[in-house]
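Here's the structure, in structure tokens; my notes come after.
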Amino acid sequence: MNKTITPAPVRRAVTVKASQARAFEVFTSRIGAWWPKSHHIGKVEPETLVIEPRAGGRWFERAPDGTECDLGRVLTWEPPARLVLAWQLNPKFQYQADLITEVELRFIPDGAAATRVELEHRNLDRFGEGAAAMRDRIDAPRGWPMILDAYADAAGK
Amino acid sequence: MAYATHRNVVFSALADETRRDVFERLRSGPKSVAELARGLPVSRPAVSQHLKVLKEAGLVVDEAEGARRIYRIDPQGLGALRAWLDRFWDAALTAFKDEIEANTEEETR
């Protein structure tokens, strides 16, 4: 493969009934309360998830026995408006220090009582660079039917 | 207009019937725009436009072969990964919204 793929970032957004400050607070300091439990890096379900409140900090999950598993670094810490996390997970949901994609969150006031939270997960092309693991996991025969099945599910709703 | 839609980019790309036809045709192997357009009730520029959307969604890749561009399903599965990430972040943001709003209700009680 000697060509460059430039896929669009994953972009999602949600509007929550909370002030900008509270939305940022809940997103960061209470991430352990809402992060989907179905997705974890460690062998056991983590007790909590922590985002260290500073640029250069880590974000990690902590198991009941105290074991910590990194998800990546905090790249930008600008409460209550902006947060950029380095997502250092490969497609197998394993920590890989040298694989850095970015997840940016913007907290935009929508009136006094609501906040629009915009998420952008970018640099997805980096998953493709040397990501032999990904090819092993999501190869064509299994990957594409998965997408089409998922599409059918979504379209059926 | 980056955030104009909440819809999953991959699903949106496949939601168009012609685009899905184009994608399905690539499942049998790499093809040029002309080959893809053959038998489809749309013009070559229209096929190119559909391919552009599929490419941006990470579903297909292209490569120059002489004067032609050959399209194929992305062998690295970036599209599949994207679809997974789309769904993952949807689930995460929904959980975040539920958490924040459940507690707002408690506070105002």
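So the sequence lines, in the order shown, correspond to chains A and B.
Counting from 1, position 64 in the first sequence corresponds to residue 64 in the working numbering; the numbering is continuous, with no gaps.
Counting from 1, position 79 in the second sequence corresponds to residue 1079 in the working numbering; the numbering is continuous, with no gaps.
Ideal Cβ placement from N, Cα and C applies to all residues, glycine included.
Asked, Found
"Checking contacts by CB at 8 Å: is G24/A closer than that to chain B?", "Rather than Gly, the amino acid found at residue 24/A in this sequence is Phe. Taking Cβ atoms only, chain B never reaches closer than 8 Å to F24/A, which makes this a no."
"Any C-beta of chain A sitting closer than 8 Å to the C-beta of K1097/B?", "yes"
"Report the option in S29/A, P80/A, K17/A, C69/A whose CA atom is closest to the CA atom of F93/A.", "C69/A"
"Return the CA-CA distance between A81/A and V44/A, expressed in angstroms with no decimal places.", "33 Å"
"Please name the residue, chosen from G1039/B, V1053/B, V1061/B, Y1071/B, that lies closest to A1015/B on a Cα-to-Cα basis.", "V1053/B"
"Roughly how many angstroms lie between the CA atoms of L83/A and R54/A, to the nearest whole one?", "10 Å"
"Would DSSP call P53/A helix, strand or coil?", "coil"
"Whose C-beta lies closer than 6 Å to the C-beta of Q20/A among residues of the same chain, with five residues either side of it excluded?", "P80, F107, P109, T115"
"How many Å lie between H40/A and A1064/B at the Cα?", "41 Å"
"G130/A CB to nearest chain B CB: under 8 Å?", "Caution applies to G130/A, whose pLDDT of 40 falls short of 50 and renders its modelled position unreliable; the value that the coordinates give is listed next. Chain B contact via Cβ: absent."
"Quick check on DSSP: helix, strand or coil for I100/A?", "coil"
"From E1017/B to A1046/B, what does the alpha carbon distance come to, in whole angstroms?", "13 Å"
"DSSP state of H40/A, grouped into three classes?", "coil"
"Taking L119/A as part of the beta strand (DSSP E), name the residues at either end of that continuous run.", "115-122"
"Taking 6 Å as the limit between beta carbons, can you name the residues of its chain near L119/A, skipping five residues before and five after?", "R12, L105"
"With a cut-off of 8 Å, does the C-beta of P46/A fall near any C-beta of chain B?", "no"
"Can you tell me the Cβ-Cβ gap for I100/A and V74/A, rounded? I've got them flagged as a contact below 8 Å.", "About 12 Å; that fails the 8 Å criterion."
"Kindly identify the DSSP beta-bridge partner or partners of I1070/B.", "S1032/B, E1063/B"
"Below 8 Å CB to CB, which residues in the same chain sit around A113/A once its five sequence neighbours on both sides are set aside?", "K17, A18, S19"
"Counting along the chain, where does the alpha helix (DSSP H) carrying R1020/B start and finish?", "1017-1026"
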